[in-house]
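**Q** Here it is, the structure in full.
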Amino acid sequence: MIVMFLGSFDYPVEQHPISIKKSGDSMELNTEGLYYAEFFDYVFRGHFENIEMTREDMEFLSIFSQYLRAFGKQCPQALPYDKVEIMEDVCVKERVKTDVFGVETDRICVQWETVGTGIYARPQLYGAYLTVRDIQNSDALKTTIEIMTDPNAMGNTVDMAHKAKGLATDMTMIFNLNPCSSPSIERLEENLRLFALDRPAIRMKERSKYEKMKNSGGPSGDQDFERLIDDLVDDQAKTWAFNRYVPNSVSGVKKYTNARGRPTELVANYRYNGFKTNSPGTVRITFEKGIPKCIYFSDFPNNCKTPNASILASYAKGEYSR
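First residue of the sequence shown? That's 2 in our numbering, and the numbers climb one at a time after it.
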């Protein structure tokens with residue numbers, strides 16, 4: 002059994018900051034199609050105030066962990082001479098409990114061993130990761146209690162699985178979109194380090210297209226909401242575990258608006274293929290400032306799914322206008 006912790010050693014977090022070969026607003030990080038496009042763009046630009054998570058969140062630790070591993074695997078030639086090995090804690094001895102019939106009832110690890118993964122990282126970036134990991138380890142009991150007492154625990158657990166799948170896909174794409182040794186990746190990594198250490202960012206002046214989208218108020222005029230819903234649901238379906246969305250199956254769209262005629266909510270039907278069956282589903286999309294904010298599916302009606310930021314940016318620019 003292997004846990005997600007990447008070791009417990011001390012590495013420098015301040016002494017040798019990542020070199021930035023290029024400064025200013027001329028560089029760009031390509032985040033098109035990424036599940037975490039908005040997060041990576043805000044980190045890259047140093048606009049930490051727009052990031053909807055903190056360094057104490059498990060989600061951030063997961064992103065940081067997977068990024069380190071992905072870079073180490075896909076970009077070994079871009080690592081410095083003083084690279085360090087990513088470590089992980091492996092269970093080497095378990096205690097198994099059984100009932101009177103010999104059926105296993107419980108299994109816990111009683112002995113751990115820290116081993117190398119064969120994957121390497123920049124020492125200062127890995128050191129920042131360990132700082133965040135140690136902070137989260139100190140809050141482990143609090144986090145466990147919050148999860149156990151959450152009335153929407155099941156929906157959030159499913160959502161975590163969706164996010165993990167989306168993140169895994171991102172890690173197969175990001176270094177194809179942006180070369181390993183590019184100034185944009187270097188800037189992203191330095192700001193990722195600074196965010197992890199709760200320090201001021203290296204800021205770019207140009208606002209993110211995702212920030213502009215959220216403050217745009219949404220497009221004016223008649224919109225093709227059926228196509229918008231189809232794209233949003235199709236994107237969400239990429240991280241579904243078992244069911245498969247039937248493209249272009251959206252029907253019965255209902256639009257609710259405010260006094261100014263701006264959409265506040267959309268409700269629609271769609272179809273998906275499950276275990277040898279074709280079944281109906283319902284989706285509800287709520288809006289904030291004229292832009293989709295949350296996607297709710299009928300199986301977990303209280304679990305907010307975050308819409309794809311790239312689709313929202315296209316919607317804000319009027320690309321769904323009739």
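Just so you know, even glycine gets a beta-carbon here, dropped at the ideal spot from N, CA and C.
Identify the continuous alpha helix (DSSP H) that holds I296 and give its terminal residues.
**A** Locating residue 296 in the sequence shown gives position 295, where the first residue counts as 1. Note, I296: premise wrong, no alpha helix (DSSP H); beta strand (DSSP E) at 292–298.
**Q** Measure the beta-carbon distance from E191 to I203 and round it to whole angstroms, keeping in mind my assumption that it falls under 8 Å.
**A** As a position in the sequence shown, residue 191 is number 190, starting the count at 1. As a position in the sequence shown, residue 203 is number 202, starting the count at 1. The Cβ separation is near 6 Å, so the contact holds.
**Q** With H, G and I counted as helix, E and B as strand and the rest as coil, what does DSSP make of V44?
**A** Mapped onto the sequence shown, residue 44 falls at position 43. In the structure shown, V44 sits in a helix (DSSP, three-state: H, G or I).
**Q** Using CA atoms only, rank isn't needed, just tell me which of L62, A38, M59, L131 is closest to P308.
**A** Within the sequence shown, residue 308 is the residue found at index 307, counting from 1. If we check each option's Cα against that of P308, A38 comes out closest.
**Q** For Y68, which option in N270, R263, I186, E289 has the closest C-alpha, if you only look at C-alpha atoms?
**A** If you number the sequence shown from 1, residue 68 lands on position 67. Distances from the CA of Y68 to each of N270, R263, I186, E289 were compared; the closest alpha carbon is that of I186.
**Q** Quick check on the burial criterion: 16 or more other C-beta atoms within 10 angstroms. Buried or exposed for R188?
**A** In the sequence shown, residue 188 corresponds to position 187, counting from 1. R188 should be labelled buried.
**Q** So, at 8 Å on beta carbons, what are the nonlocal neighbours of Y321 in its own chain, with the 5 sequence-adjacent residues on each side left out?
**A** Within the sequence shown, numbered from 1, the residue matching residue 321 stands at position 320. Closer than 8 Å at Cβ, skipping near neighbours: P220, Q224, D225, F226, R228, L229, S315.
**Q** Is the region 126–136 touching the region 41–61, taking contact as three or more C-beta pairs under 8 Å?
**A** These segments touch.
**Q** Can you find the residues in the same chain that come closer than 8 Å, C-beta to C-beta, to I64, ignoring five residues on each side of it along the sequence?
**A** The sequence position of residue 64 within the sequence shown is 63, counting from 1. Spatial neighbours of I64 in its own chain (CB-CB distance under 8 Å, excluding positions within 5 residues in sequence) are listed in chain order as Y37, F40, L168.
**Q** K94 and D107 look like a contact to me (Cβ under 8 Å); what is the Cβ gap, rounded to whole Å?
**A** To locate residue 94, count along the sequence shown from 1; it is residue 93. To locate residue 107, count along the sequence shown from 1; it is residue 106. With a Cβ gap of about 15 Å, K94 and D107 do not count as contacting.
**Q** Go ahead and pull the three-state DSSP assignment for L189.
**A** The count along the sequence shown starts at 1 and reaches residue 189 at position 188. Three-state DSSP puts L189 in a helix.
**Q** Please work out which residues of its chain come closer than 6 Å, Cβ to Cβ, to G291, disregarding the five sequence neighbours upstream and downstream, and give them in chain order.
**A** Against the sequence shown, residue 291 aligns to sequence position 290. The answer, listed in chain order, is G218, G219, R263.
**Q** How is the beta strand (DSSP E) around E207 delimited, first residue to last?
**A** Counting from 1 along the sequence shown, the entry for residue 207 is found at position 206. First-last for E207: undefined, no H or E at that position.
**Q** How many Å lie between Y127 and G117 at the Cα?
**A** Taking the sequence shown and counting its residues from 1, one reaches residue 127 at position 126. Taking the sequence shown and counting its residues from 1, one reaches residue 117 at position 116. Approximately 14 Å, taken between the alpha carbons.
**Q** Just to confirm my understanding: we take D1, look at its own chain, exclude 5 residues before and 5 after, and list those with CB closer than 8 Å. What are they?
**A** Not covered by the structure: residue 1. The range shown for the chain is 2 to 323.
**Q** Where do the N-terminal and C-terminal ends of the alpha helix (DSSP H) with R134 fall, by residue?
**A** In the sequence shown, counting from the first residue as 1, residue 134 sits at position 133. Counting along the chain, the alpha helix (DSSP H) containing R134 begins and ends at 124–139.
**Q** In this structure, how does DSSP classify S280 when only helix, strand and coil are distinguished?
**A** Position 279 of the sequence shown, counted from the first residue, corresponds to residue 280. Note: S280 maps to strand in three-state DSSP.
**Q** Short of 8 Å in beta carbon distance, which residues of its chain neighbour I1, apart from the five on each side in sequence? Order them along the chain.
**A** Any question about residue 1 goes unanswered here, given that the chain covers just 2 to 323.
**Q** Excluding the 5 residues flanking R285 on each side, which residues of the same chain have their C-beta closer than 6 Å to its C-beta?
**A** Mapped onto the sequence shown, residue 285 falls at position 284. Only V268, Y297 meet the Cβ criterion.
**Q** Going by beta carbon distance, what residues of the same chain come within less than 7 Å of N259, once the five residues before and after it are set aside?
**A** Taking the first residue of the sequence shown as 1, we reach residue 259 at position 258. Cβ neighbours of N259 beyond the five flanking positions: T265.
**Q** Cβ atoms of F196 and F49: under 8 Å apart, would you say?
**A** Taking the first residue of the sequence shown as 1, we reach residue 49 at position 48. Taking the first residue of the sequence shown as 1, we reach residue 196 at position 195. Taking 8 Å as the Cβ cut-off, F49 and F196 qualify as a contacting pair.
**Q** Could you tell me the boundaries of the alpha helix (DSSP H) in which F61 lies?
**A** Counting from 1 along the sequence shown, the entry for residue 61 is found at position 60. For F61, the enclosing alpha helix (DSSP H) covers residues 59–75.
**Q** If we ignore side chains and look at the alpha-carbon of each, how far apart do F243 and T170 end up?
**A** Position 242 of the sequence shown, counted from the first residue, corresponds to residue 243. Position 169 of the sequence shown, counted from the first residue, corresponds to residue 170. The straight-line gap from Cα to Cα measures roughly 17 Å.
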